[in-house]
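These notes are about the structure you will find just below.
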Amino acid sequence: MLEARQISKRFPGVVALDGVSLALFPGEVHALVGENGAGKSTLIKVFTGVHRPDGGELIYNGSPVAFGTPLDAQRAGISTIYQEVNLVPMMSVARNLMLGREPRGRLGVIDTAAMYREAERILAGYGVVTDVRRPLRTLGMGVQQMVALARAVAIDARVVIMDEPTSSLEPREVETLFSVIGKLKDDGIAVVYVSHRLDELYEVCDRVTVLRDGRVAHTGPLAGLERLKLISLMLGRDLDEVKSGGLTRFSRDRRRARERDGAPPAVRAEGLTRRQVLRGVDVSVWPGEVVGLGGLLGAGRSETAKAIVGALPLDAGRVLVAGLPLRTGSTTAAVRAGVALLPEDRKAEGIIPELSVRENIALAALPSLSRAGVVSDAKIDKVVEVFMRRLRIKAASPHQPVQELSGGNQQKVLLARWLAIRPKILLLDEPTRGIDVGAKAEVQALVDELAEEGLGVLLISSDLEELVEGADRILVLREGAVVGELSGDDVTEDKIMASIAERGAESDG
Amino acid sequence: MTGSPGREQVSRVLQQHGALMVLAALVIAGSLAFDFFATAGNAASILVSSSFTAIIAIGMTFVIISGGIDLSVGSLFVFGGVLAAYGSQYGLFVALALPLAACGLVGLLQGLLIARTGMAPFIVTLAGLLGVRGLMLAISDEGATTYLVKDSAFARLGQGGVFGLTWPVYITAILAVAAMVLLQRTAFGQNVYAVGGNEQGAALMGVPVARTKVYVYLMSGLLAGLAGVLNAARLSSGVTILGIGLELDVIAAVVIGGTLLTGGAGGITGTIAGVLLLGVIQSLINQVGNLTSAFQQVVSGLFLALVVVAQRLLGRAQRLG
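First to last, the protein sequences are chains R and X.
Throughout the first sequence, residue numbering follows the working numbering, covering -18 to 490 in sequence.
Throughout the second sequence, residue numbering follows the working numbering, covering 166 to 486 in sequence.
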C-alpha cells in the first residue's frame, strides 16, 4: 500500500536515513523501532510530507508520490498522531475534531449544533463520552490522544502513523486504543506503530522493522522474534557476542563497594513519581561510586536525572543530598546543595554557543567567584585555567567561542562548568553522545578519575558498553520504574538486556 | 480530572464575560451615585466616543487571538483620517476609497512580512507605526496642513444619525456582529483560533497558517483606516495630532475583554465590553469634578494589571480543574 524504496535523507553533517526500504500492507500493524537517532522520526516525516527524501522514492497505491507538505500527505490519506498531542488546547473538543471540515448551515456559516452532534457521534465510537463543547485542555491526556486519533482516522485515512501513542495513556486507555487499532486493521487500514514498550509491540503488531543508524537492521514478522534478539538488534550488539562477552570479560577491578559505612549517600532519591513518566523511582549514589541507569528510550532515565535536580515537577517523592532533604522543584536549591546535571541535549540545554570557553565555564560558579555581586576576574582566570588543563580542553584560547570547539571539547567545557561549583554528585545524561571516539575515551577516563576522588556519579547512557565499563552498579529502568539492579559480576551487557526484556508483569494491569 | 467541573466552568465564564460583568456593575454604581451619569446624553456620548476605538479593537481582537500584535493601528488611524479629509475634495467615493486602500495595503504588507518571512509581529508593526506616521507627516507638511472635509455627504457620515446616536455607532454595531459571526461560525475564524492556540499543531492539521495571518493583519489595517475615516468625518478635518498611543489603549481594551495576549482565546463580546468599560471609566472621572483626566489613565492601568493577574489565576484554575 505504502512503500518506501531506498529512501535516503541527509542533514548537514549527518546521514539520517541511508537507503531505507519499508513496505506497508493493508490491514497490518507495522512496528517501527530503534533507539534515539536511528532515523525513525525522519522516516515518519518523509512519509508525512514534512521532509523530502534526498534519494529513493515513495510508492503509494502503486504509483510514485512526492508529498510537499503535511497537508498533501493528509489529503492522500496518510495521517499521523504525534507523541505530544498536536491539537489546539484552548479550542473545544468538537472544534478540534472537526477543524477544516465543519458542517455548514445556511449562508455557509458553521452549523454548531450539527458540529457538536457529529463530534459526539464520532467520539462515541472511541469510547469517549464527554461534553464536546469543553476546551480540549480540560480533558485528560488520554482523552486528548483519543480525539487526535479520531481526527486522524476520520479524514478517510488509509495509512495511520502513530508515534508513541501510549506514552501519555493510562492502561485502560491503552486498551481502548488497541481495540481501535483492531478496528482499523479490519477496515484494511495500514498502521505504523512506533513505541519503545515491547509488551505493546508484541500485543498489537504483526511485523517489525528495526532501524539503526539510519539503516534497516531487520525487518520481518514480529511473532517468533525473541525479545532479547529484538533488543540486541535495536542496540546493535550481536547477541552471541554479548552472551560470550559476559563470560570472557576480564574480571574488572570494581571499586570497593563503598559499603554504606554509616555515611549517607551523596544523593538519595526516594519514590520519585510523576504521572505517565516516573513511577516511584528510588536511586542512591554513594560518594566515589558510579551508578549507571540502563533502559530503553522513554524508560525514565533522563527524567530521573531531571527530577533529582528539580527540573521536573514531581507528584511525589523527595531527594536528599548528603542526608539533607532538598527543596523539591528548585534547580537553584539543587545546584547550591552540590548537584550538577550534564544534560542530554547539550546544544539546547547546556552550552551558550556565542560565549567564550571562559565565560561558559565560569557561568554556574559565578556566585562563588564574586564578592558582593562583583565578579573577580583573577579568580575566574584561575579556575578556568585549572579546568582547561585538567580536562585537556583543546581551545585556541579561553576566549574562543564555544561553538567553534569540537563536540567532545564542548562537552568537557560543560563538565568543567559543573566541576567548578565543586559538586557532590554529578548526573551525566549521555555524556559521550555525538563526540568522537578519542574524546569519548577521555571523557570516560575523566569520569572514572572524578569518582576515585570521591564524587558520586549517576551515568545515563544508551551505549551498553559504556554503561558496563563505566558503572559500578546499574539500575535498570522500564516504563518509569526500577526493574532491576545489577552489581559486581552481574554488570554485563546481556544481564542488562535480559532485565530490559523481562516481561513487564506489573505494568500489564 | 480531579477538580469539579463547576469550578472550571465558573472560571471560564469569568474569563469570557468578566469585563461585561464589571461593566454592568460600574454602570449601575455610576447611575446610583451620579445624577448626570444615567442620562441619554451621557450614554450617547460614551457610545460615540467609544465607537472609533471599538472598530480598531475588533481588528486587534483577531490579531491577538491569532497570537500576534498590531502596533501600527494608531498611526493608521490618523493616516486614514488625513487621507480621508484630503480625498473628500474629490467627493465621497475618494474620501472612502483612498484611505481604505492605503491602510489596507499597509496591513497587507505587514501581514505578508509576518506570515511569509516569519518576522516578529511586534517588530514589523512597530516599523509600520513609525513609517506610517512619517508618511502622514509627509503628506501634511510635517503636520502643519490640516485638510478640511469638503464633501458634505462625507461629513454627514460622521455627524449624522438617528435616535440620538451618530452613524459610526451603528457601523460599529454592525461590524461587531459581523466579526462575531466571522470568528465563531466560519472556517476562517476557526483557523484564527487554531493558529493562535497552537501554530505548529494547526499547520499539521492542515490549517493555512500563513494565509490566515495575512488576512488578520489586512483586516486590522482596514478597520484602523476605517476608524480614522469616520473620525475625520466627525471632526470635518484630518487632524494630524491624533492616535499617538492609541494602539496601546486598544490592546488594553482587548485584553481587559478577556482575550489572551498569548493568543488562542478571546472574543468580540469581551472586546466591546472592554472598550465600553474604559469609556465609562473615563466618563466618570471626567465628570467627578475634582479629578483630572490624567487619573483616567491611572485607573485604566490599574485595571489592566488587575485583569492580567485575574486571567493568570483563572488560567491556572482551569488547568488544575
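We put the CB at the ideal spot given by N, CA and C, even for glycine.
Every value quoted in this text rests on a predicted model; they were computed, and no experiment measured them.
Asked, Found
"For threonine 226 of chain X versus valine 419 of chain X, is the C-beta spacing smaller than 7 Å?", "yes"
"Please tell me whether leucine 68 of chain R has its Cβ less than 7 Å away from any Cβ of chain A.", "Absent from the structure is chain A; the protein chains it does hold are R and X."
"Would you say leucine 179 of chain X reaches chain R, if we count a Cβ-Cβ gap shorter than 7 Å as a contact?", "no"
"Counting only Cβ-Cβ distances shorter than 7 Å, please list the residues of the region 341 to 361 of chain X near chain R, keeping chain order.", "Val346, Arg350, Thr351, Ala352, Gln355, Tyr358 and Ala359"
"Looking only at C-alpha atoms, which of X:Ala219, X:Phe242 and X:Asp235 sits nearest to alanine 397 of chain X?", "X:Phe242"
"Please report how far the alpha carbon of glutamate 284 of chain R lies from the alpha carbon of arginine 414 of chain R, in whole angstroms.", "17 Å"
"Under 7 Å Cβ to Cβ from tryptophan 399 of chain R, same chain only, skipping five residues before and after it: list those, please.", "Ala321, Leu323, Ala345 and Leu407"
"Could you check what DSSP says for leucine 440 of chain R in three-state terms: helix, strand or coil?", "strand"
"Determine which residues of the region 365 to 382 of chain X have a Cβ less than 9 Å from any Cβ of chain R, and write them out in chain order.", "Gln365, Gly366, Ala367, Ala368, Leu369, Met370, Gly371, Val372 and Pro373"
"Anything in the region 423 to 437 of chain X with a Cβ closer than 9 Å to a Cβ of chain R? List those residues in chain order, please.", "Leu425, Gly428, Gly429 and Ala430"
"Quick one: what does DSSP say proline 379 of chain R is sitting in, helix, strand or coil?", "coil"
"Apply the 10 Å Cβ neighbour rule to aspartate 316 of chain X and answer buried if 16 or more other Cβ atoms are within range, or exposed otherwise.", "buried"
"Would proline 379 of chain R and valine 424 of chain R qualify as a contact pair, given that the criterion is a beta-carbon distance under 7 Å?", "no"
"List, in chain order, every chain X residue whose beta-carbon is nearer than 7 Å to that of valine 90 of chain R.", "Val346, Arg350 and Thr351"
"Just grab the DSSP bridge partners of leucine 13 of chain R for me.", "R:Val175 and R:Thr190"
"Check for me: the beta strand (DSSP E) holding aspartate 296 of chain R runs from which residue to which?", "No beta strand (DSSP E) holds aspartate 296 of chain R; DSSP gives it neither H nor E."
"If you follow the beta strand (DSSP E) that lysine 315 of chain X is part of, which residue opens it and which one closes it?", "Unbroken run through lysine 315 of chain X: none, as it is neither H nor E."
"My understanding is that glycine 224 of chain X touches methionine 384 of chain X, with C-beta atoms under 8 Å, so please give their C-beta distance in whole angstroms.", "5 Å"
"Report, in whole angstroms, the separation of the C-beta atoms of leucine 182 of chain R and leucine 150 of chain R, which I expect to be a contact under 8 Å.", "15 Å between Cβ atoms; not a contact."
"For isoleucine 477 of chain R, which three-state DSSP category applies?", "helix"
"So leucine 257 of chain X packs on alanine 318 of chain X, CB below 8 Å; how close in whole Å?", "5 Å"
"List, in chain order, every chain X residue whose beta-carbon is nearer than 8 Å to that of proline 51 of chain R.", "Ala368, Leu369 and Gly371"
"Give a yes or no on contact between the region 393 to 409 of chain X and the region 276 to 283 of chain X, applying the rule of three or more CB pairs nearer than 8 Å.", "no"
"With a Cβ-Cβ cutoff of 7 Å, do alanine 341 of chain X and isoleucine 437 of chain X count as a contact?", "yes"
"Are there 16 or more other CB atoms within 10 angstroms of the CB of alanine 288 of chain R, so buried, or fewer, so exposed?", "buried"
"Using the C-alpha atoms, what's the distance from glycine 281 of chain R back to proline 348 of chain R?", "32 Å"
"Taking Cβ positions only, does asparagine 363 of chain X come closer than 7 Å to chain R?", "yes"
"Suppose contacts are defined by Cβ-Cβ distances below 7 Å. Is glutamate 251 of chain R in contact with glycine 291 of chain R by that definition?", "no"
"Please confirm if glutamine 257 of chain R has its CB atom under 7 Å from at least one CB of chain X.", "no"
"Along chain X, which residues have their Cβ under 8 Å away from the Cβ of glutamate 83 of chain R?", "Ala352 and Gln355"
"For methionine 127 of chain R, return the contacting residues in chain X, with the cut-off set at a CB-CB distance below 9 Å.", "Ordered by position in chain X, no residue passes the 9 Å Cβ test against methionine 127 of chain R, which lies about 14 Å from the chain."
"At a CB-CB cut-off below 7 Å, which residues of chain X make contact with methionine 71 of chain R?", "Gly362, Gly429 and Ala430"
"Which residues bound the alpha helix (DSSP H) around proline 51 of chain R?", "51 to 57"
"Tell me, please, whether the CB atom of leucine 80 of chain R is closer than 7 Å to any CB atom in chain X?", "yes"
"For threonine 229 of chain R, which residues of its own chain have a beta-carbon under 7 Å away from its beta-carbon, when the five flanking residues on both sides are left out?", "Note that threonine 229 of chain R scores 31 on pLDDT, short of 50, meaning its location in the model is unreliable; the coordinates nonetheless yield the value given after this. Cβ within range, chain order: n/a, list empty."
"Assuming glycine 195 of chain X contacts leucine 467 of chain X under a Cβ cut-off of 8 Å, what Cβ separation, rounded to an integer in Å, is found between them?", "About 17 Å separates the two Cβ atoms, so there is no contact after all."
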